[in-house]
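Peer 1:
Protein chains: 6
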Amino acid sequence: MGFPPALPPERTWFPLVELAVSEDIGAGDATTPLVVEAGHQGSAIIEARQPLVVCGLEVAFAVFREIDAQLQLRTLIRDGEQTVQGDLRGILAAERTALNFLMRMCGVASWTHRFVDAVEGTGVRIVDTRKTLPGWRSLDKYATGVGGATNHRVGLYDGILLKDNHVAIAGGVGLAVKAALAAAPANLRVCVEVESEAQAIEAVESGADYLLLDNRTPPEMRAIAEQLADRAQLEVSGGVHLGNVREIAETGVHRISIGALTHSAPSADVALEIENVVAKPGRVPA
Amino acid sequence: MGFPPALPPERTWFPLVELAVSEDIGAGDATTPLVVEAGHQGSAIIEARQPLVVCGLEVAFAVFREIDAQLQLRTLIRDGEQTVQGDLRGILAAERTALNFLMRMCGVASWTHRFVDAVEGTGVRIVDTRKTLPGWRSLDKYATGVGGATNHRVGLYDGILLKDNHVAIAGGVGLAVKAALAAAPANLRVCVEVESEAQAIEAVESGADYLLLDNRTPPEMRAIAEQLADRAQLEVSGGVHLGNVREIAETGVHRISIGALTHSAPSADVALEIENVVAKPGRVPA
Amino acid sequence: MGFPPALPPERTWFPLVELAVSEDIGAGDATTPLVVEAGHQGSAIIEARQPLVVCGLEVAFAVFREIDAQLQLRTLIRDGEQTVQGDLRGILAAERTALNFLMRMCGVASWTHRFVDAVEGTGVRIVDTRKTLPGWRSLDKYATGVGGATNHRVGLYDGILLKDNHVAIAGGVGLAVKAALAAAPANLRVCVEVESEAQAIEAVESGADYLLLDNRTPPEMRAIAEQLADRAQLEVSGGVHLGNVREIAETGVHRISIGALTHSAPSADVALEIENVVAKPGRVPA
Amino acid sequence: MGFPPALPPERTWFPLVELAVSEDIGAGDATTPLVVEAGHQGSAIIEARQPLVVCGLEVAFAVFREIDAQLQLRTLIRDGEQTVQGDLRGILAAERTALNFLMRMCGVASWTHRFVDAVEGTGVRIVDTRKTLPGWRSLDKYATGVGGATNHRVGLYDGILLKDNHVAIAGGVGLAVKAALAAAPANLRVCVEVESEAQAIEAVESGADYLLLDNRTPPEMRAIAEQLADRAQLEVSGGVHLGNVREIAETGVHRISIGALTHSAPSADVALEIENVVAKPGRVPA
Amino acid sequence: MGFPPALPPERTWFPLVELAVSEDIGAGDATTPLVVEAGHQGSAIIEARQPLVVCGLEVAFAVFREIDAQLQLRTLIRDGEQTVQGDLRGILAAERTALNFLMRMCGVASWTHRFVDAVEGTGVRIVDTRKTLPGWRSLDKYATGVGGATNHRVGLYDGILLKDNHVAIAGGVGLAVKAALAAAPANLRVCVEVESEAQAIEAVESGADYLLLDNRTPPEMRAIAEQLADRAQLEVSGGVHLGNVREIAETGVHRISIGALTHSAPSADVALEIENVVAKPGRVPA
Amino acid sequence: MGFPPALPPERTWFPLVELAVSEDIGAGDATTPLVVEAGHQGSAIIEARQPLVVCGLEVAFAVFREIDAQLQLRTLIRDGEQTVQGDLRGILAAERTALNFLMRMCGVASWTHRFVDAVEGTGVRIVDTRKTLPGWRSLDKYATGVGGATNHRVGLYDGILLKDNHVAIAGGVGLAVKAALAAAPANLRVCVEVESEAQAIEAVESGADYLLLDNRTPPEMRAIAEQLADRAQLEVSGGVHLGNVREIAETGVHRISIGALTHSAPSADVALEIENVVAKPGRVPA
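Residue numbers (this note's numbering), protein chains in the order written: chain A, 6 to 291; chain B, 6 to 291; chain C, 6 to 291; chain D, 6 to 291; chain E, 6 to 291; chain F, 6 to 291.
1) Going by DSSP in three states, B:L97 sits in which element: helix, strand or coil?
2) Is there at least one Cβ from chain C nearer than 9 Å to D:S48's Cβ?
3) E:L247: buried (16+ other C-beta within 10 angstroms of its C-beta) or exposed?
4) Beta-carbon within less than 6 Å of F:C60's beta-carbon, same chain only, minus the 5 sequence neighbours each way: which residues are those?
5) Is the region 38-47 of chain F in contact with the region 93-105 of chain F, if contact means three or more CB pairs nearer than 8 Å?
6) Going along chain H, which residues have a C-beta under 7 Å from E:E198?
7) So is E:N170 in contact with chain F if we call contact Cβ pairs under 9 Å?
8) At what residue ranges does the region 22-105 of chain B contain a whole run of the beta strand (DSSP E), taking only runs of 3 or more?
9) What are the start and end residues of the beta strand (DSSP E) that includes D:I279?
10) Against chain D, with Cβ distances strictly below 9 Å, would E:F19 count as a contact?
11) Tell me the residue span of the beta strand (DSSP E) that contains B:Y215.
12) Could you tell me whether the Cβ atoms of A:V178 and A:V197 are closer together than 9 Å?
13) Over the uninterrupted alpha helix (DSSP H) stretch that includes A:L144, give me the two end residues.
14) Return yes when the Cβ of E:V283 is within less than 9 Å of the Cβ of F:I206, no when it is not.
15) Kindly indicate the opening and closing residues of the beta strand (DSSP E) around F:I263.
16) What residues in its chain sit with their C-beta under 6 Å from that of C:D219, if we drop five residues either side in the sequence?
17) Does any residue of chain C have a CB that is nearer than 9 Å to the CB of B:I293?
18) Where does E:T37 land, buried or exposed, given buried means 16+ other C-beta within 10 angstroms?
19) If you compare alpha carbons, which of B:P190, B:V275 and B:N281 is closest to B:R101?
20) Can you name the start and end residues of the alpha helix (DSSP H) that C:R251 belongs to?
21) Taking all protein chains shown into account, decide if E:P190 is buried (16 or more other Cβ within 10 angstroms of its Cβ) or exposed.
22) Give the DSSP bridge partners of C:C111, in chain order.
23) Strictly by DSSP, which residues pair up with E:S242?
24) Distance check for B:D163 and A:A35, CA to CA, integer angstroms please.
25) Please classify F:D235 as buried or exposed, where buried requires at least 16 other C-beta atoms within 10 Å of its C-beta.
26) Any C-beta of chain A sitting closer than 9 Å to the C-beta of B:V22?
27) Tell me which residues of the region 131-164 of chain D have at least one Cβ-Cβ distance to chain F shorter than 9 Å, keeping chain order.
28) Which same chain residues end up closer than 6 Å to E:D214 when comparing Cβ atoms and leaving out the 5 residues on each side of it in sequence?
29) Between which residues of its own chain and F:T117 is the CB-CB distance below 6 Å, once the five residues before and five after are set aside?
30) List the residues of chain F that A:E42 touches, going by C-beta distances under 9 Å, in chain order.
31) Could you check how far apart the C-beta atoms of D:V26 and D:I72 are, in whole angstroms? I think they sit under 8 Å.
32) How is the beta strand (DSSP E) around D:E198 delimited, first residue to last?
33) Can the beta-carbon of D:P14 be found less than 9 Å from the beta-carbon of F:A32?
34) Given that F:A208 touches chain E, what residues does it touch there, using C-beta distances under 9 Å?
35) Measure the Cβ-Cβ separation of B:A188 and F:G7 and say whether it is below 9 Å.
36) Can you list, in chain order, the residues of its chain whose CB lies under 7 Å from that of C:T127, leaving out five sequence neighbours each side?
So this is what it looks like as structure tokens:
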């Protein structure tokens, strides 16, 4: 169903790599230079210790390069093995931070994939939300994409979503939709959150072609879908979990958005195994 | 047992607030200005929707201020209620990002507190690790502190920890400890990871006064503690969970470090309830 | 037709203010401290020397504050007079940079307003493009909005526009539209550039609801509008000037986008008049 | 008359490139990855669509590299053709921003060149001012240099210019000049603005060797030049246009400074033509 | 002889304050929060422990404010006493960094003043050089100014100085001066380094009006001064110390530039005395 | 005694290189491009003009690369000669800033080495302090390490040092030590400043194993060392100079910390000699 998700521009996530490296290395690794000589070579393999959807290797590699630009980073496509080779001081300094990225990114992608799998064949799309970790928006959204979800707006700036408070201030669903359509920039759709069948109909009749049904029961979803699914895009959200996502997907709505994709993804178990660690006889500082 | 943890210096976490605000607001909120007039006042309350250890209000407040410096932020001590008052455009723009911070920070503090509670009375300290979210080191460590844990080194730079790879390269526990003691700066303790009672004894006899026992069974911990607890600080780690933490605490070791405090903390359920949302009759844009 | 355009978030344009102040002040004003004593007070009025649409005062004020946070900035609403009061060293240092901003911003707003005026009553919207000055995207788009135009996408990231190259690579208008609809995020409309009536029809039948007709003649525009104006939004661009914009607006299309709004806006004539400039007798440095 | 102008240090203009790329790309190109596969190669030629003085290719190339460091950039000296080759995703993402820089920089250089041409043979120098676009000081000044003008001070920090307000505060032209000469750093000339022949003479007799005559008529300029041209450098400004610049140049003054070089330069017509755009059959995402 | 030196714009030195605070505080003061409660108030006095020229209080105050914006900073003009009042945690955290700035800045100003004193009455100016501490250019030059010296160019960008290598490449003093005069921007003087009386005369006859005589003996200086002091500014440098500066000043040259003002200034002895330090009984953490 | 000190991570000192280059180059070298053609090649040698401990070449090289990434930098190990080769414009622009770094870094390393030499054979370590130049912490500490000293804490964040004010607030040495031990993170030692033998004993009995004796006489040091040297680490400070450092070292203490290593290190005499400077006949601008 299309090309794989494009890694977001480095400028959106590299500041996070810099923060992460800086917060861990600070004034320098206090331990390794005491016992490992500069130039002592080694290699390491990144290992998944559970089945997972791989995500974030480019980011992990950026961590290694940020700490030691000379490290050799290689992906052996055939068996998915990732190797890092070079000065052991650099590898040991980068290890924890690189793994911390992979634990999160593989975690979100793998968790998302379970929801996508659960609705397979229904034609329904799993969609992410803005409940991402602060600072992690572009990586979290990339990881949900790798897991098979469709992205929703990245932030407040690239999508119009009239929520309950907007509707209340505007004086009703119809007024809110009309006000938005009158002034919205050409590039953005106008989505509106509705809380009942009546509101849904009012929204569509006011010109909305994208509805968000929040916290409705499957029968309510089904009733609205039967009436409106060919006149507007229908997205549902609220209280979705692996146990009910398939039932919801079968109500006839088009999209299911799930905050838990990002706010509750379990961390993946990923490790770095260093090979060929040998003492250099006679080289331990006298 | 001392003063409450000091909030880390703003410079260590404000870049994360800036990233978070920037990634969410970008070129500006596309929705609210379509239906909410500039200057439309409102107020909101931050609500915990589950019992939790409160953590991160200063950071959430920094988000609000970053988006609209005029917002009034108030903590009503008596009942723990947090209110935000001011221009609704600002409140609505800040809502999601502020909550995303609180969900994480209250989550980590509350989760940590469960481990601390579980060992109450044993005198053992729960200690955090470097398995934090990239970019979040200072906030994650602050949150474990708020939850009652003792911090371990912040990063590679402020603590010496000789791990298995260091020991292997140095040619053994004793050689590693001696090399480190010979060159370590005065301010840092020299900690060493050991994998057996024999190694533990070798470490102490080489001058180490802080041992990390990784992946030992409780009986092994107990045996080492009986021999060495008065000659060195003993920390254990590996495979700790709520079900076995008390048993471990009763073996006589001094500290238990747990990566899951930060890599697997469940997100807390926190929300923002906006009050007094009324349409301004006649003010919806014509 | 709605609220006035919201000033973009400061973070989108303040870096430009910082660059501008830094490039002009550098290591400090080499002239003024030679002849004007620290603390010598004065005031100044910002004057329009031609009829214009005012735009950018907040940005000009940010320049003054950046150079001297103590300056008093005041807008006298009644007659549009802007005054700046405080230490003359600061006023003189900020003058040129503040005016440089106003010359551009009033220039773009005023120039845009002439196109908006020219189509008044037709219901057609004047739309801006990405042909803005590098570094000035958010301010240029704000200024076209103040001039009465509707904004188009801010950048590549917040709008989907399939242009001729995309269509060629995809293998045709229909294939391009379908590929985009299959994978586009929910928040963005899918717009496609077409070069003939046949392509326009193919696009709509493939599901597009927003067409960009580039470099068509008014009769061609009219023919397409008659067929498709109620099935899709129609935008035209290319070769638009004050002499033909009304004729184009009367063809039945919905929007006219004009790169010249930003790439060819004449600079506005704005000046700063300093009042009460008097020598302090006896205080000129001896 | 000397070496070509040196491109300013990258640190003075690269922040503008970063702003420009960031404001256009944001979270990533929303269109191209939907229809163009990663790795799809292509090439493009930068074309001038009007006669112009070429200026800014290094900056345009920096834009391409910032977006995709792998792009091949080549200048074919023989015929002035510029080509860009590589991943089409990168070329399409960089196109608009690179052109926006060239439109401005070629525009300023070409416009400046018309003034320089107009005074050819008189020995008079055309000089720029600080009426540049905010954020663009170093590039605007570079472009006037490429167009044949001589630069004036870059900012307030690297030149002393006593203007009317300084003179008024100091208590007269003579007092202002003397105060400045007494304290000026050794590296900077002391220039003073004068408004009459009497003031000009007073200035020179007080030690000034550089005068700026603002808003004088050609006869006034001539009178002053006859008296003082061998005792001081004479610069004129105010109301200069292509129609009168030669007449002014023939009055005997040494320099003519013109704000319009930068505040009113017409945008140059530059485009990017992409070659070899072909669909990859069977590769459009299914 | 004029107004006191203007403190350079904050943007030129605040990055150094930020670096300094960041390098000292890092993740937070590890000591004070263990024994001093948040909110424990105190006050401190900045003391000079030797006679000195005061310089840098604004910078020291910026350090205190950067660490704790609530601290009260006060200068008691009458007796020069500086006090800092507020939360002791902030005062103790800022102490060392604030003093480190004062030690350097008072040191440079005081050291410079000794040279200025030594030439008093001769009319000769003491001038600084670019031999400043990296990162400290604007503060070092400010301090020499406070000490009574005249500044030379701030950097390579705001002054033209043709040194021996330039002269060699240009093919001689005369050619170098002419090439420079032909293309120099209007605002900058053209200075040239000469190594003999013959070169000095060649320079002046080629149009130079500012000469730098490097490493000449007093008799050589005197000979050149007698010939050229009324046709050009004469500056000398090289091997100047407190023991010979007066002799040099009496040779008739106009300026003496001295690298040692900044590269060899002794550190001043400045301390911070904390007052009213009392334990809060019963408040030490239990 | 171990490996040579590791150069601190670039991120800790590169901002200083950037500040230094920026403050010197600004908008560009105003002199060299007037007389030296772009592309004119040359080479230069860095020369020590006094015996010194070499320190900081990597930093000086970073300056050259920052200004011109094409410069060839080479260290000829055999005779310690450093050469720089490439475009003369770049070499001349970088010269002063690179030397300014070397003057400081070689200066601190050489000065430190004199103290280390003076105590040779006593087993005592010379230790640095936080009296470094603001912005220079990591380079100053690296230079003391190169000179043979042992580093103390880098900043407030990575070491616990209870000083006189902390002790007073806590209510005594014993209370301060106990409060700190109760809450200190595991990685840091707890050091305490004592002012008498009685305090020293109280500190050790309260659990401290690291004492700082400030401003004690050698006999007092000896008395304390005799009692406590095998129960705690003993560091002395205050009034140490080359004339008394050996006497102090022979009292039996373990470490001597000396602020003068960094606050009073004399600048080293280092220069750059440019070779092969020849005029290109006929290439001087006409």
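Beta carbons: idealized from backbone N, C-alpha and C, even for Gly.
Peer 2: In short:
1) In the second sequence, the residue the question calls residue 97 of chain B occupies position 92. Of the three classes helix, strand and coil, the one that applies to B:L97 here is helix, per DSSP.
2) Numbered from its first residue, the fourth sequence carries residue 48 of chain D at position 43. No, D:S48 does not count as interfacial toward chain C.
3) Counting from 1 along the fifth sequence, the entry for residue 247 of chain E is found at position 242. Exposed.
4) Locating residue 60 of chain F in the sixth sequence gives position 55, counting from the first residue. So the qualifying residues of the chain are M110, C111, A114, A148 and V151.
5) yes
6) The chain labelled as chain H is not found among the protein chains of the depicted structure, namely A, B, C, D, E and F.
7) Counting from 1 along the fifth sequence, the entry for residue 170 of chain E is found at position 165. Closer than 9 Å to some Cβ of chain F, the Cβ of E:N170 qualifies, so yes.
8) 46-53, 77-81 and 86-92
9) Taking the first residue of the fourth sequence as 1, we reach residue 279 of chain D at position 274. Looking at the DSSP string, the run of the beta strand (DSSP E) that includes D:I279 is V275 to E280.
10) Here residue 19 of chain E refers to the residue found at position 14 when the fifth sequence is read from its first residue. Not closer than 9 Å to any Cβ of chain D, the Cβ of E:F19 fails to qualify, so no.
11) Counting from one through the second sequence, the residue named residue 215 of chain B turns up at place 210. Looking at the DSSP string, the run of the beta strand (DSSP E) that includes B:Y215 is Y215 to D219.
12) The residue you call residue 178 of chain A lines up with position 173 of the first sequence. The residue you call residue 197 of chain A lines up with position 192 of the first sequence. Taking 9 Å as the Cβ cut-off, A:V178 and A:V197 qualify as a contacting pair.
13) For the purposes of this step, residue 144 of chain A is identified with residue 139 of the first sequence, where counting begins at 1. Note, A:L144: alpha helix (DSSP H), R142 to V151.
14) Here residue 206 of chain F is taken as the residue at index 201 of the sixth sequence, counted from 1. Here residue 283 of chain E is taken as the residue at index 278 of the fifth sequence, counted from 1. Going by C-beta atoms, F:I206 is not nearer than 9 Å to E:V283.
15) Counting from 1 along the sixth sequence, the entry for residue 263 of chain F is found at position 258. Unbroken run through F:I263: none, as it is neither H nor E.
16) Here residue 219 of chain C is taken as the residue at index 214 of the third sequence, counted from 1. Contacts found: E198, S242 and G243.
17) Residue 293 of chain B falls outside the range modelled here, since chain B spans only 6 to 291, and no answer is possible.
18) Taking the first residue of the fifth sequence as 1, we reach residue 37 of chain E at position 32. The residue is buried, with at least 16 neighbouring Cβ atoms inside 10 Å.
19) The count along the second sequence starts at 1 and reaches residue 101 of chain B at position 96. Of the listed residues, the one whose Cα sits closest to B:R101 is B:V275.
20) Start at 1 with the first residue of the third sequence, and residue 251 of chain C comes out as number 246. Taken as a continuous stretch (DSSP letters only), the alpha helix (DSSP H) holding C:R251 covers V250 to A254.
21) As a working note, residue 190 of chain E is residue 185 in the fifth sequence. E:P190 comes out buried.
22) Taking the third sequence and counting its residues from 1, one reaches residue 111 of chain C at position 106. Note: C:C111 sits in no beta bridge, so no partner.
23) Counted from its first residue, the fifth sequence places residue 242 of chain E at position 237. DSSP lists E:D219 and E:S262 as partners of E:S242.
24) As a working mapping, residue 35 of chain A is identified with position 30 in the first sequence. As a working mapping, residue 163 of chain B is identified with position 158 in the second sequence. In a straight line, the C-alpha of A:A35 is about 7 Å away from that of B:D163.
25) Position 230 of the sixth sequence holds residue 235 of chain F. Answer is exposed; the Cβ neighbour count stays below 16.
26) As a position in the second sequence, residue 22 of chain B is number 17, starting the count at 1. True, the Cβ-Cβ gap to chain A drops below 9 Å.
27) R142, S143, K146, V159, G160, Y162 and D163
28) In the fifth sequence, residue 214 of chain E corresponds to position 209, counting from 1. Counting only Cβ-Cβ distances below 6 Å, and skipping sequence neighbours, we find A237.
29) Looking up residue 117 of chain F in the sixth sequence gives position 112. These residues qualify, in order along the chain: T149, G152, A154 and L266.
30) Working through the first sequence from its first residue, we reach residue 42 of chain A at position 37. Correct list: F8.
31) Counted from its first residue, the fourth sequence places residue 26 of chain D at position 21. Counted from its first residue, the fourth sequence places residue 72 of chain D at position 67. Confirmed, about 6 Å.
32) Position 193 of the fourth sequence, counting from 1, holds the residue named residue 198 of chain D. Its beta strand (DSSP E) spans residues V195 to V199.
33) Here the question's residue 14 of chain D lines up with position 9 in the fourth sequence. Here the question's residue 32 of chain F lines up with position 27 in the sixth sequence. In this structure, F:A32 lies closer than 9 Å to D:P14 by Cβ.
34) Here residue 208 of chain F refers to the residue found at position 203 when the sixth sequence is read from its first residue. Near F:A208 there are no residues of chain E at all, since even the closest Cβ is about 14 Å away, more than 9 Å.
35) Counting from 1 along the second sequence, the entry for residue 188 of chain B is found at position 183. Counting from 1 along the sixth sequence, the entry for residue 7 of chain F is found at position 2. Their beta carbons are under 9 Å apart, which means B:A188 touches F:G7 by this criterion.
36) Start at 1 with the first residue of the third sequence, and residue 127 of chain C comes out as number 122. Cβ within range, chain order: A254 and E255.
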